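A.B. asks: Can you keep this structure in mind? I'll have questions shortly.
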């Protein structure tokens, strides 16, 4: 795409992302943006997370999908406020569609919103959707070279969930290379090892969420005091 | 992105894709476009394919990558004509960049060009690059639901390489669901099971390539005779 066109698209997106950030701050709702390749385990991670987190927080879901409702159907059983965004071919969620989705949600009554972005390591990282944190999910079969190959996401995210860690012995993945590349790109970025299907690492992930929510709330409080 | 802008971008792309098709027909070079998520095994498949195919065909490579030269470096040892396209953030190859790459290659002396597209199941499928066939690569850890979730690629491709079939017993993947979804989307699409790291399925893949090259050559011959 023409560079100038892309710049305009990103500027318009950034403007609305600011609106989303203000809306979330006003409503005291923390929004996490889960980004990964297709099949890394985002939906499974949410399936494991929601029941354990629901006793403490009120949760909403924005489910991004190119065509189907499959992931949304998997999460429907939790009976949470959920908006499905079908992008019909587009490779990422943008601020305009996310803002529309948020306007359909009971924000006064939500503590946390998880956005499951379209499965793609490239474009979703370029589009700020006003989230309080991008979370990169990578699974071990995808290979340890992905941070170097898709640096924008791994540079911008607040946390890396390394999923399918139970497959480490049968795939070609060097944990030390992976961690070294990540630390070059993104200093002290936390990396949580996880096997979502068995529940391994889920406790640490819940602790990370609690901490992140706490930090956002304190930041909002400080802004109000200024 | 605005619908009209996207339509213009795709129309301009389609125009140049026609130029590429004419160029390849004139030079009698068959071009395959490998599309998959990051980490499904495209580069490993090429590493296994090139030495076995080189005795019969002269091969060239167009290597698409968002930022690094990692994949190109892995293929450099084969000493083939290769052009690396770094997209610097863009999520797919388009006709303009591929046409530029082709103009740097010794087309009179090449039988087959493999394009390794940017790792992404969405956008590369939307951009016709004048190839003689798209080849979808999916690995079993990515899950059996991907054809339904990313239908454009699986509808348009001429072949599906189902890689990492050796992991079938340790991942959540139903072969019968996968094949059923594919056949709904794309009739009699051939599916080759493969474990590129061990070489399993590579012979069948080579046979498919030979057959596809033969068919293109016969089609070009018929066009010349008309």
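Protein chains in written order, with this note's numbering: chain Z, -16 to 209; chain U, -16 to 209.
Virtual Cβ for every residue (Gly too), placed ideally from N, Cα, C.
Computed from a predicted model, the values in this text were never measured in an experiment.
#1: Does the beta carbon of residue 21 of chain U sit closer than 8 Å to a beta carbon anywhere in chain Z?
#2: For residue 77 of chain Z, collect the residues of the same chain with a Cβ closer than 6 Å to its Cβ; drop the 5 residues on either side in sequence, then sort them by chain order.
#3: From residue 72 of chain U to residue 132 of chain Z, what does the alpha carbon distance come to, in whole angstroms?
#4: With a floor of 3 residues, list each beta strand (DSSP E) that falls wholly inside the stretch 89 to 143 of chain U, ordered by position along the chain.
#5: Under the three-state reduction of DSSP, which class applies to residue 61 of chain U: helix, strand or coil?
#6: Going straight from the alpha carbon of residue 15 of chain U to that of residue 117 of chain U, what length do you get?
#7: With distances taken Cα to Cα, identify the nearest neighbour of residue 106 of chain Z among Z/6, Z/18 and Z/155.
#8: What's the call for residue 208 of chain Z, buried or exposed, on a 16-neighbour Cβ count within 10 Å?
#9: Can you name, in chain order, every residue of its own chain whose Cβ lies under 7 Å from the Cβ of residue 156 of chain U, other than the five neighbours on each side?
#10: Who are the near neighbours of residue 67 of chain Z in its chain, counting only those whose CB is closer than 7 Å to its CB and skipping five residues on each side?
#11: Are the CB atoms of residue 144 of chain U and residue 120 of chain U nearer to each other than 8 Å?
#12: Return the residues of the stretch 155 to 180 of chain Z that lie within a Cβ-Cβ distance of less than 9 Å from chain U, sorted by chain order.
#13: Compare the C-alpha of residue 89 of chain U against each of U/10, U/204, U/2 and U/33 and name the closest.
#14: Could you have a look at residue 172 of chain U and say whether DSSP puts it in helix, strand or coil?
#15: In terms of residues, what are the limits of the alpha helix (DSSP H) holding residue 78 of chain U?
#16: With DSSP as the reference, identify every bridge partner of residue 19 of chain Z, one or two as the case may be.
#17: Which residue's Cα is closest to the Cα of residue 134 of chain U: U/154, U/166 and U/147?
#18: Less than 8 Å between CB atoms is the rule here; does residue 130 of chain Z satisfy it with respect to chain U?
#19: Any Cβ of chain B within less than 8 Å of the Cβ of residue 138 of chain Z?
#20: Taking a cut of 9 Å between CB atoms, which residues from the stretch 34 to 63 of chain U lie near chain Z?
#21: What residue does the alpha helix (DSSP H) around residue 149 of chain U start on, and which one ends it?
#22: Check whether the Cβ atoms of residue 180 of chain Z and residue 12 of chain Z lie closer than 8 Å to each other.
#23: Which chain Z residues sit within Cβ distance under 7 Å of residue 182 of chain U?
#24: Could one say the Cβ of residue 135 of chain Z lies closer than 8 Å to chain U's Cβ atoms, at least one of them?
#25: Where does the unbroken beta strand (DSSP E) through residue 46 of chain U begin, and where does it stop?
#26: Rounded to a whole number of angstroms, what is the C-alpha to C-alpha distance between residue 169 of chain Z and residue 2 of chain U?
#27: What residues of chain Z sit near residue 79 of chain U, judged by a beta carbon separation below 9 Å?
#28: Take residue 7 of chain U as the anchor and find which of U/115, U/205 and U/80 has the nearest alpha-carbon.
#29: Output yes if chain U places a C-beta closer than 8 Å to the C-beta of residue 147 of chain Z; else output no.
#30: Counting C-beta neighbours from all protein chains within 10 Å, is the total for residue -2 of chain Z 16 or more, i.e. buried, or is it exposed?
#31: Which residue wins for smallest C-alpha separation from residue 190 of chain U, given the options U/175, U/41, U/136 and U/171?
#32: Please tell me whether residue 36 of chain Z and residue 44 of chain Z are closer than 8 Å, where the distance is taken between their beta carbons.
#33: Would you identify the three-state DSSP class for residue 155 of chain U, choosing helix, strand or coil?
#34: Alpha helix (DSSP H) containing residue 31 of chain U: first to last residue?
#35: Would you kindly check if the distance between the Cβ of residue 154 of chain U and the Cβ of residue 32 of chain U is under 8 Å?
C.D. replies: To lay it out plainly:
#1: Walking along the second chain from the start, residue 21 of chain U turns up at place 38. Output row for residue 21 of chain U: interface = yes.
#2: Translated into positions along the first chain, residue 77 of chain Z becomes position 94. If we look at residue 77 of chain Z and ignore the five residues flanking it on each side, its Cβ neighbours are -4 and 110.
#3: Locating residue 72 of chain U in the second chain gives position 89, counting from the first residue. Locating residue 132 of chain Z in the first chain gives position 149, counting from the first residue. Looking at the two C-alpha atoms, the distance is approximately 10 Å.
#4: 95 to 99 and 116 to 122
#5: Looking up residue 61 of chain U in the second chain gives position 78. Looking at residue 61 of chain U - three-state DSSP - the assignment turns out to be coil, as it is neither helix nor strand.
#6: Indexing the second chain from 1 puts residue 15 of chain U at position 32. Indexing the second chain from 1 puts residue 117 of chain U at position 134. Approximately 6 Å, taken between the alpha carbons.
#7: Position 123 of the first chain, counted from the start, is the residue given in the question as residue 106 of chain Z. The option with the nearest alpha carbon to residue 106 of chain Z is Z/18.
#8: Residue numbering aside, residue 208 of chain Z sits at position 225 when the first chain is read from its first letter. With fewer than 16 other Cβ atoms within 10 Å, it is exposed.
#9: As a working note, residue 156 of chain U is residue 173 in the second chain. Only 123, 126 and 127 meet the Cβ criterion.
#10: Mapped onto the first chain, residue 67 of chain Z falls at position 84. Counting only Cβ-Cβ distances below 7 Å, and skipping sequence neighbours, we find 46, 48, 52 and 55.
#11: Residue numbering aside, residue 144 of chain U sits at position 161 when the second chain is read from its first letter. Residue numbering aside, residue 120 of chain U sits at position 137 when the second chain is read from its first letter. Against a cut-off of 8 Å, the Cβ pair of residue 120 of chain U and residue 144 of chain U comes out as a contact.
#12: 155 and 180
#13: Locating residue 89 of chain U in the second chain gives position 106, where the first residue counts as 1. Answer by Cα proximity: U/10.
#14: Here residue 172 of chain U refers to the residue found at position 189 when the second chain is read from its first residue. Residue 172 of chain U falls in the coil class under three-state DSSP.
#15: For the purposes of this step, residue 78 of chain U is taken as residue 95 along the second chain, with counting starting at 1. Unbroken alpha helix (DSSP H) run through residue 78 of chain U: 78 to 86.
#16: Start at 1 with the first residue of the first chain, and residue 19 of chain Z comes out as number 36. DSSP, once it has assigned bridges, lists Z/120 as partnering residue 19 of chain Z.
#17: Taking the first residue of the second chain as position 1, residue 134 of chain U is located at position 151. The candidate whose alpha carbon is nearest that of residue 134 of chain U is U/166.
#18: Numbered from its first residue, the first chain carries residue 130 of chain Z at position 147. Output row for residue 130 of chain Z: interface = no.
#19: Among the protein chains of the structure shown, namely Z and U, there is no chain B.
#20: 48, 49, 50, 51, 53 and 54
#21: Sequence index remark: in the second chain, residue 149 of chain U carries index 166 (1-based). Unbroken run through residue 149 of chain U: none, as it is neither H nor E.
#22: Reading the first chain from its first residue, position 197 is the one you call residue 180 of chain Z. Reading the first chain from its first residue, position 29 is the one you call residue 12 of chain Z. Not closer than 8 Å, so no.
#23: The sequence position of residue 182 of chain U within the second chain is 199, counting from 1. By Cβ distance, chain Z contributes nothing, its closest Cβ being about 15 Å from residue 182 of chain U, past 7 Å.
#24: Here residue 135 of chain Z refers to the residue found at position 152 when the first chain is read from its first residue. It does; some Cβ of chain U falls within 8 Å.
#25: As a working note, residue 46 of chain U is residue 63 in the second chain. That run of the beta strand (DSSP E) goes 42 to 48.
#26: Reading the first chain from its first residue, position 186 is the one you call residue 169 of chain Z. Reading the second chain from its first residue, position 19 is the one you call residue 2 of chain U. In a straight line, the C-alpha of residue 169 of chain Z is about 43 Å away from that of residue 2 of chain U.
#27: For the purposes of this step, residue 79 of chain U is taken as the residue at position 96 of the second chain. Near residue 79 of chain U there are no residues of chain Z at all, since even the closest Cβ is about 10 Å away, more than 9 Å.
#28: Counting from one through the second chain, the residue named residue 7 of chain U turns up at place 24. The candidate whose alpha carbon is nearest that of residue 7 of chain U is U/115.
#29: The residue you call residue 147 of chain Z lines up with position 164 of the first chain. For residue 147 of chain Z, the answer is yes, since a Cβ of chain U falls inside 8 Å of its Cβ.
#30: Here residue -2 of chain Z refers to the residue found at position 15 of the first chain. Answer is exposed; the Cβ neighbour count stays below 16.
#31: Indexing the second chain from 1 puts residue 190 of chain U at position 207. Residue U/175 is the option with its Cα nearest to residue 190 of chain U.
#32: Counting from 1 along the first chain, the entry for residue 36 of chain Z is found at position 53. Counting from 1 along the first chain, the entry for residue 44 of chain Z is found at position 61. Taking 8 Å as the Cβ cut-off, residue 36 of chain Z and residue 44 of chain Z do not qualify as a contacting pair.
#33: Working through the second chain from its first residue, we reach residue 155 of chain U at position 172. Note: residue 155 of chain U maps to coil in three-state DSSP.
#34: Counted from its first residue, the second chain places residue 31 of chain U at position 48. Where residue 31 of chain U is concerned, the enclosing alpha helix (DSSP H) stretches over 25 to 36.
#35: Walking along the second chain from the start, residue 32 of chain U turns up at place 49. Walking along the second chain from the start, residue 154 of chain U turns up at place 171. It is not a contact, given that the beta carbons lie outside the stated cut-off.
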